[in-house]
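**Q** First, the structure itself, so that you have it in front of you.
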Amino acid sequence: MDAEVFNEIQKRAAAGRGADALALASRYATEHPADMEAWNLLPDLAVQCGLSDECIEELKRAAGRFADNPSVWTSLGDALSINEEPEEAIAAYERALEFLPVESRDRRADVYTCIACEYEALGDAESAESFHRKATETAPDNVFSRDELERFSLDQDEDEDGGAFEVREPGQADMADMQAIATEHPELSDALARGEHMVDEEGREFSPMLHVTIHQIIRNQVRQDDPPGMRDIFETLLQCTGDRHAAEHEIGGVLVGHLHVLLHDREAFNAAQYLTDLRIRINDYLRGR
23 MDAEVFNEIQ KRAAAGRGAD ALALASRYAT EHPADMEAWN LLPDLAVQCG
73 LSDECIEELK RAAGRFADNP SVWTSLGDAL SINEEPEEAI AAYERALEFL
123 PVESRDRRAD VYTCIACEYE ALGDAESAES FHRKATETAP DNVFSRDELE
173 RFSLDQDEDE DGGAFEVREP GQADMADMQA IATEHPELSD ALARGEHMVD
223 EEGREFSPML HVTIHQIIRN QVRQDDPPGM RDIFETLLQC TGDRHAAEHE
273 IGGVLVGHLH VLLHDREAFN AAQYLTDLRI RINDYLRGR
């Protein structure tokens with residue numbers, strides 16, 4: 023989403039001009055129907071400005087015009103959920119699933135989770151559990167193999183397009199920076215020293231080295247403002263969380279998915295989509311997700 027438009031929308035909302043903010047956001051989304059972030063912003067404004075009914079009407083009109091756009095249906099489901107209309111929200115989310123490609127596993131998993139939450143609101147525990155299970159089964163595996171982490175460390179490198187990543191040998195990594203990050207996670211120290219994986223509270227195996235490396239990549243991105251706009255996004259998250267480390271964790275949740283595509287699918291790093299996903303994360307954080 024265009025940063026200037028986003029800032030103007032937030033400015034209007036903060037000034038108590040909620041209807042104007044919603045009108046601008048709706049107009050921008052309609053003019054840019056493929057911009058998922060723009061559609062996601064509408065339910066956020068419903069919360070921020072107390073305009074749930076107006077937002078729902080805008081999104082229903084959009085759904086009539088862009089009937090095959092899953093982002094419109096997902097945002098309509100969110101708005102209906104905010105307005106405590108679970109049955110209607112489920113119907114909207116199910117329409118989103120009709121148009122989401124099977125390979126969009128992360129987005130489909132998110133929608134399954136949303137449906138599960140609506141069934142919980144209806145008191146239907148069995149259906150809720152079924153959709154939570156679908157979400158778990160659908161979500162992409164973002165865990166990197168031990169061999170990958172032993173062979174490589176990830177660092178950022180600029181090329182003519184900007185925002186690229188280069189795989190380098192560990193000896194070239196900024197070890198001092200990594201050690202500083204490691205001190206912020208004393209619970210990882212033993213596993214880092216042994217080069218072992220750990221198990222989280224939910225029984226899932228993860229790599230402490232990957233965790234430290236993610237922090238390092240994020241700090242490089244913010245320091246270099248690469249991709250452009252990264253520093254502003256970090257500052258916004260820092261204001262939201264009040265803590266640098268927590269802000270990096272919010273970014274890391276998005277970055278890991280993009281690194282998974284980079285390493286496993288061998289696709290180019292999509293800087294524009296990365297920034298879009300980070301702005302969506304900010305919106306979700308503000309909504310208390």
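Residue numbers (my numbering): 23 to 311.
Where a beta carbon is used, it is the ideal one built from N, C-alpha and C, also for glycine.
Bear in mind that the values here come from a model prediction, so they are computed numbers and not experimental data.
Taking the C-alpha atoms as reference points, what is the distance between L277 and N242?
**A** Stepping through the sequence shown from its first residue, residue 277 is reached at position 255. Stepping through the sequence shown from its first residue, residue 242 is reached at position 220. Those two C-alpha atoms are separated by around 13 Å.
**Q** If you draw a straight line from the alpha carbon of L144 to that of Y134, how long is it in whole angstroms?
**A** In the sequence shown, residue 144 corresponds to position 122, counting from 1. In the sequence shown, residue 134 corresponds to position 112, counting from 1. So the alpha carbons of these two residues sit roughly 15 Å apart.
**Q** Could you tell me the alpha carbon to alpha carbon distance between A294 and H237, rounded to whole angstroms?
**A** Residue 294 sits at position 272 when you count from the first residue of the sequence shown. Residue 237 sits at position 215 when you count from the first residue of the sequence shown. Answer to the nearest angstrom: the Cα atoms are 20 Å apart.
**Q** Smallest Cα separation from D313: which of T158, L297, H280 and I112?
**A** Because the chain spans 23 through 311 in this model, residue 313 falls outside it and cannot be assessed.
**Q** Since N91 and P55 are thought to touch, with beta carbons under 8 Å apart, how far apart are those beta carbons, to the nearest angstrom?
**A** Counting from 1 along the sequence shown, the entry for residue 91 is found at position 69. Counting from 1 along the sequence shown, the entry for residue 55 is found at position 33. Contact flag correct, Cβ pair sits at about 6 Å.
**Q** Nearest-angstrom Cα distance between G40 and P65?
**A** What you label residue 40 is simply residue 18 of the sequence shown in a count that begins at 1. What you label residue 65 is simply residue 43 of the sequence shown in a count that begins at 1. Spanning the two alpha carbons is a distance of roughly 12 Å.
**Q** DSSP on V244, reduced to helix/strand/coil?
**A** The residue you call residue 244 lines up with position 222 of the sequence shown. DSSP places V244 in helix when its eight states are reduced to three.
**Q** By Cβ distance, which residues of its chain are closer than 6 Å to A101, with the 5 residues on each side in sequence left out?
**A** Along the sequence shown, read from residue 1 onward, the residue named residue 101 stands at position 79. Closer than 6 Å at the Cβ level, and outside the excluded window around A101, lie P65, A68, C77, I78 and L81.
**Q** Do E142 and A131 have their C-beta atoms within less than 8 Å of each other?
**A** Position 120 of the sequence shown, counted from the first residue, corresponds to residue 142. Position 109 of the sequence shown, counted from the first residue, corresponds to residue 131. Their beta carbons are not under 8 Å apart, which means E142 does not touch A131 by this criterion.
**Q** Mind checking G99: buried by the 16 CB within 10 Å criterion, or exposed?
**A** Here the question's residue 99 lines up with position 77 in the sequence shown. G99 comes out buried.
**Q** By how many angstroms is the C-alpha of P123 removed from the C-alpha of E53?
**A** Taking the sequence shown and counting its residues from 1, one reaches residue 53 at position 31. Taking the sequence shown and counting its residues from 1, one reaches residue 123 at position 101. Each residue's Cα considered, the two are about 23 Å apart.
**Q** Short of 7 Å in beta carbon distance, which residues of its chain neighbour T258, apart from the five on each side in sequence? Order them along the chain.
**A** In the sequence shown, counting from the first residue as 1, residue 258 sits at position 236. If we look at T258 and ignore the five residues flanking it on each side, its Cβ neighbours are I304.
**Q** Rounded to whole angstroms, what is the Cα-Cα separation between E107 and F28?
**A** Here residue 107 refers to the residue found at position 85 when the sequence shown is read from its first residue. Here residue 28 refers to the residue found at position 6 when the sequence shown is read from its first residue. Answer to the nearest angstrom: the Cα atoms are 28 Å apart.
**Q** Taking the alpha carbon of A85 as the reference point, which residue from I112, L73 and A118 has its own alpha carbon closest?
**A** As a working mapping, residue 85 is identified with position 63 in the sequence shown. Nearest C-alpha to A85: A118.
**Q** Could you spell out where the alpha helix (DSSP H) holding S152 opens and where it closes?
**A** Counting from 1 along the sequence shown, the entry for residue 152 is found at position 130. Its alpha helix (DSSP H) spans residues A147 to T160.
**Q** Going along the chain, which residues of its own chain have a beta-carbon closer than 6 Å to the beta-carbon of S93, five neighbours each way excluded?
**A** Residue mapping note: residue 93 aligns to position 71 of the sequence shown, counting from 1. Contacts found: M58 and W61.
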